[in-house]
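When you line the sequence shown up against UniProt numbering, it's residues 1 to 202, in that order.
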Amino acid sequence: MQQPSTIDFWFDPICPFTWVTSRWITDVAAQRGCTVNWRSFSLKVLNSTPGNEDTSEEHRQGHRMGRVVVRARRDHGEEPIAALYSALGQRLHPGGRDDVDAIIAEALAEAGLPAQLEDAADDESLDADLESSTRDALGLTGSGVGLPILRLGERERAYFGPVFTRRPAGEQALELFDAYVTLTGHEHFFELKREITGRLEF
Numbered sequence: 001m002q003q004p005s006t007i008d009f010w011f012d013p014i015c016p017f018t019w020v021t022s023r024w025i026t027d028v029a030a031q032r033g034c035t036v037n038w039r040s041f042s043l044k045v046l047n048s049t050p051g052n053e054d055t056s057e058e059h060r061q062g063h064r065m066g067r068v069v070v071r072a073r074r075d076h077g078e079e080p081i082a083a084l085y086s087a088l089g090q091r092l093h094p095g096g097r098d099d100v101d102a103i104i105a106e107a108l109a110e111a112g113l114p115a116q117l118e119d120a121a122d123d124e125s126l127d128a129d130l131e132s133s134t135r136d137a138l139g140l141t142g143s144g145v146g147l148p149i150l151r152l153g154e155r156e157r158a159y160f161g162p163v164f165t166r167r168p169a170g171e172q173a174l175e176l177f178d179a180y181v182t183l184t185g186h187e188h189f190f191e192l193k194r195e196i197t198g199r200l201e202f
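See the structure below:
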């Protein structure tokens with residue numbers, strides 16, 4: 001089984017399931033020496049159709065944070081994106097907060113990014129980049145998917161999932177990753193799914 005040297009990980013900061021999977025992938029990447037490329041995604045874009053815009057307030061706020069991520073990447077490159085996502089996610093999910101403007105300001109400071117990037121949250125000129133990155137992910141998965149979306153190495157396809165309600169840890173984290181690499185590498189594998197039950201544990 002060939003281990004990937006890179007992992008493309010599409011995220012919307014607002015999604016709690018994506019957050020749990022991202023912490024697992026961060027742990028695995030550190031142990032396996034993989035590089036994680038943190039890619040922008042908008043659940044608002046995913047759930048909007050021509051003439052029928054997604055009206056979820058949660059998704060709107062995720063989209064606003066996504067604009068900040070896009071602007072940070074445009075101005076400062078890839079290096080600060082992991083820290084920015086981590087700072088946003090810690091406040092949103094384990095922290096249980098919903099004061100998004102304050103979260104953005106604090107996360108930028110924690111990631112060492114300039115405070116003026118806060119203005120990006122309401123800058124609609126950034127939507128094209130956010131939509132393009134979302135479409136890139138969907139081009140690799142097809143329709144009928146959600147988040148998280150991962151692509152291993154330079155594979156021609158990506159997958160929605162895995163979805164966890166609690167982050168795998170220790171040796172189990174690596175065992176599950178190895179199984180994921182094997183399963184998603186099979187040419188004729190497409191989907192596993194069951195109803196999510198229980199509560200999220202951050």
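Just so you know, even glycine gets a beta-carbon here, dropped at the ideal spot from N, CA and C.
Judged by their CB atoms, residue 126 and residue 60 are not nearer to each other than the 8 angstroms cut-off. Around the beta carbon of residue 171, fewer than 16 other beta carbons lie within 10 angstroms, which makes this residue exposed. The count of Cβ pairs closer than 8 angstroms, one atom from the region 155 to 165 and one from the region 20 to 34, reaches three, so the stretches are in contact. By the Cβ-count criterion, residue 120 is buried, with 16 or more other Cβ atoms from all chains shown falling within 10 Å of its own Cβ. Separation of residue 192 and residue 116 (C-alpha to C-alpha, rounded to the nearest whole angstrom) is 43 angstroms. Within the region 23 to 64, the runs of beta strand (DSSP E) at least 3 residues long that lie entirely inside it are, in chain order, 35 to 40.
Shown here for residue 176: same chain residues with a beta carbon closer than 7 angstroms to its own, the five before and five after excluded, namely 168 in chain order. Between the beta-carbon of residue 123 and that of residue 67 there is about 6 angstroms, and that keeps the pair under the 8 angstroms contact cut. Residue pairing from DSSP places residue 6 in a beta bridge opposite 35. Contact between the region 39 to 58 and the region 82 to 94 is absent: fewer than three C-beta pairs spanning the two stretches fall below 8 angstroms. If you compare the alpha carbons of 82, 113, 187 and 14 with that of residue 99, the shortest gap goes to 14. For residue 149, there is no enclosing alpha helix (DSSP H); the residue is part of the beta strand (DSSP E) that begins and ends at 149 to 152.
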